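Q: In numbering that gives the first Met the number 0, the protein residues as written are 0 to 407. A virtual CB, placed ideally from N, CA and C, is assigned to each residue, including glycine. If you're wondering where the values come from, they're calculated on a predicted model, not measured in any experiment. Okay, handing you the structure first.
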Amino acid sequence: MFRKSVLFSRRGRFGAFAGLLLVGVLALSACTSGNSGNGSGTGNSGQTSPAAPAVAVSIEPANATDVNPTTPIVVKAANGTLTDVTVSNSDKGSKVGGTLSADKTTWTSKDVLGYGATYTVLAHAADSSGKTVEQQGKVTTVKPSKQANANLIPAPSSVAQTGVGVGQPIVFQFSYAVKNKADVEKQLSVQSNPPQQGSWYWVDDKNVHYRPKEYWQPGTTLTVSAKIYGVDFGNGVYGAEDRTETYHVHDSWIAKADGNTEQMQIFHNGQMVKSMPISMGKDATPTHLGAHVISFKAQTYTMDSCTYGVCQGDPNWYRSDEKWSERISNDGEFVHENPNSVGAQGSSNVSHGCINLNADNAQWFFNNLGLGDVVEVTNSGGKQLPVWDLYGDWALSWDQWQQGSALK
């Protein structure tokens, strides 16, 4: 019994071992057959990682001509960063300043370019491994046939100490005609403090006026700008340079001249402070109706009717030296002293269109009223002062005035 049991025990252990061995072989065979089907080997061995994209540099505008000088030059790096950028005027050798973005991928010029110039661009960039690349380019700006300046009337220097009156329009007078009025007007601005509604009016191809809906408020500060550099005026003309100036509006002075009463009342900040007898234009040469704006003053001034086409030989010609003279239109109308018409002042109109005063009143008027102050004429028998007659701006209603904008 003992031997038999031992024999059985050995066979049991051998049988179990053989079973495990058979299972292991089958498992190994199953794994082998799974991989050998596609011949790829085990795991990821034998595969190659894709190459990183190469660093590249682009320049905008790229090798372009007739570029507007206000267009910035932009250099960009892809798949890397910029290490240096140089932009220089090919003729002068001067460098153009620029700014680099925080991530060092974009460089943008900050200096305004010149007209009719070629700029050479040289840029370098590197990738994360240190591999570098160089890019070159050229940019040529437009060359205008003419450049227009924006002259301001009144000249800011002429009123820096005195300021201007509440009726003063702001006038840009361009040195060349403007064809593309809307493009130019978009670059003009008048900022008033306190804010007041205003608009531009093109009197002709060279002159554009700005006035508020109502007279300026006393104490207003006006910041006037013409951002016209690089602006195409049309016909080969471009803006020469930008300009910004400041005007200050002084107290309100408004004179009201009435042809019926032959009196002129003076209002300071809305309160009447003086009334004086006057003589306006006679029937043949009546003073224009409407709001006139003082544009010039001189203690002594030679008045010559030939300046507006009535010359020697014409029965209406005149030439004389007058005192305390202030111009209120461009066709010969002034407020001034005239000792020869004192007897008619306060009773009848005998002048060639001017408003005549006696010596004391003329000097008082001269000392208190100046550029931009208003003389409103009523009942003169004359026609309305034309909008084109220097400062005939107030002849138009607000709706009519707005129609003169190129942006309406």
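What would DSSP say about N148, mapped onto helix, strand or coil?
A: Three-state result, N148: coil.
Q: Considering only C-alpha positions, which residue in the set Y200, T301, T131 and G97 is nearest to N78?
A: Residue T131 is the option with its Cα nearest to N78.
Q: For K94, count neighbouring Cβ atoms within 10 angstroms of its own Cβ and tell me buried if that reaches 16, exposed if not.
A: Counting Cβ neighbours within 10 Å, K94 comes out exposed, since fewer than 16 surround it.
Q: For H287, write down the residues that DSSP places opposite it in a beta bridge.
A: Answer is none; H287 lacks a bridge partner.
Q: Take A343 as the anchor and find which of H335, D330 and N357 has the nearest alpha-carbon.
A: Minimum Cα distance to A343 is reached at N357.
Q: From the DSSP output, in three-state form, read off E325 for me.
A: Three-state result, E325: strand.
Q: G410: which of S396, G258, D241 and W252 sits nearest, CA to CA?
A: The chain is shown from 0 up to 407; residue 410 falls before or after that span and cannot be answered.
Q: With H, G and I counted as helix, E and B as strand and the rest as coil, what does DSSP make of D126?
A: The answer is coil: DSSP assigns D126 none of H, G, I, E or B.
Q: Going by C-alpha distance, which of I277, P68 and H267 is nearest A256?
A: Minimum Cα distance to A256 is reached at I277.
Q: Take every Cβ of the stretch 106 to 116, pair it with every Cβ of the stretch 152 to 160, and state whether three or more of those distances are shorter than 8 Å.
A: Too few Cβ pairs lie closer than 8 Å, so no.
Q: On the DSSP bridge list, what partners appear for V189?
A: Per DSSP, V223.
Q: Are the beta-carbon atoms belonging to S294 and D388 less than 7 Å from one another?
A: Contact flag unset, no.
Q: Using a Cβ distance threshold of 8 Å, determine whether the stretch 143 to 154 contacts the stretch 65 to 84, with at least three qualifying pairs required.
A: With a cut-off of 8 Å, the stretch 65 to 84 and the stretch 143 to 154 do not count as touching, because too few Cβ pairs lie within range.
Q: For N206, list the residues DSSP reports as bridge partners.
A: The partner list for N206 (beta bridge, DSSP) reads Q172.
Q: Which of the three DSSP states, helix, strand or coil, is assigned to G352?
A: DSSP places G352 in coil when its eight states are reduced to three.
Q: Can you tell me where the beta strand (DSSP E) holding D398 begins and where it ends?
A: Counting along the chain, D398 falls outside any beta strand (DSSP E), though it belongs to the alpha helix (DSSP H) covering W397 to Q401.
Q: For V158, does the three-state DSSP call read helix, strand or coil?
A: In the structure shown, V158 sits in a helix (DSSP, three-state: H, G or I).
Q: CA-CA distance, F266 and G238?
A: The alpha-carbon atoms of F266 and G238 are separated by roughly 42 Å.
Q: In angstroms with no decimal places, state the Cα-to-Cα distance between P385 and D392.
A: P385 and D392: Cα-Cα distance of roughly 8 Å.
Q: Kindly identify the DSSP beta-bridge partner or partners of Y228.
A: Its beta-bridge partners are G238.
Q: For G331 versus Y307, is the C-beta distance shorter than 7 Å?
A: Yes. Within cutoff.
Q: In three-state DSSP terms, what is K281?
A: Note: K281 maps to coil in three-state DSSP.
Q: Quick one: what's got a C-beta closer than 7 Å to L395's C-beta in the same chain, skipping five residues either side?
A: Same-chain partners within the cutoff: V386.
Q: Cα separation between K91 and A51?
A: Whole-angstrom Cα-Cα distance: 41 Å.
Q: Spatial neighbours of R210 within its chain, please: CB distance less than 8 Å, with the 5 preceding and 5 following residues excluded, ordered by chain position.
A: Excluding residues within five positions, the ones whose Cβ falls inside 8 Å are P168, I169, G197, S198, Y200, D392, W393 and W400.
Q: According to the neighbour-count rule (16 or more other Cβ atoms, all chains shown, within 10 Å of its Cβ), is K212 buried or exposed?
A: Exposed: under 16 other Cβ atoms inside 10 Å.
Q: Measuring CB atoms only, is the stretch 297 to 316 touching the stretch 368 to 379, in the sense that at least three cross pairs come out at less than 8 Å?
A: In short, these stretches do not touch, since the Cβ pair count stays below three.
Q: Compute the distance between the beta-carbons of T220 and H247, then report whether it is under 7 Å.
A: Cβ distance < 7 Å, so T220 and H247 count as in contact.
Q: So, at 6 Å on beta carbons, what are the nonlocal neighbours of E59 in its own chain, with the 5 sequence-adjacent residues on each side left out?
A: Closer than 6 Å at the Cβ level, and outside the excluded window around E59, lie V73.
Q: Using a 10 Å radius around the Cβ and a threshold of 16 neighbouring Cβ atoms, would you call L21 buried or exposed?
A: With a pLDDT of 31 at L21, under the threshold of 50, the modelled position of that residue is not reliable, and no figure is offered here.
Q: Identify which residue in Y317, A290 and V223 has its Cα closest to the Cα of I152.
A: For I152, the nearest C-alpha among the options comes from V223.
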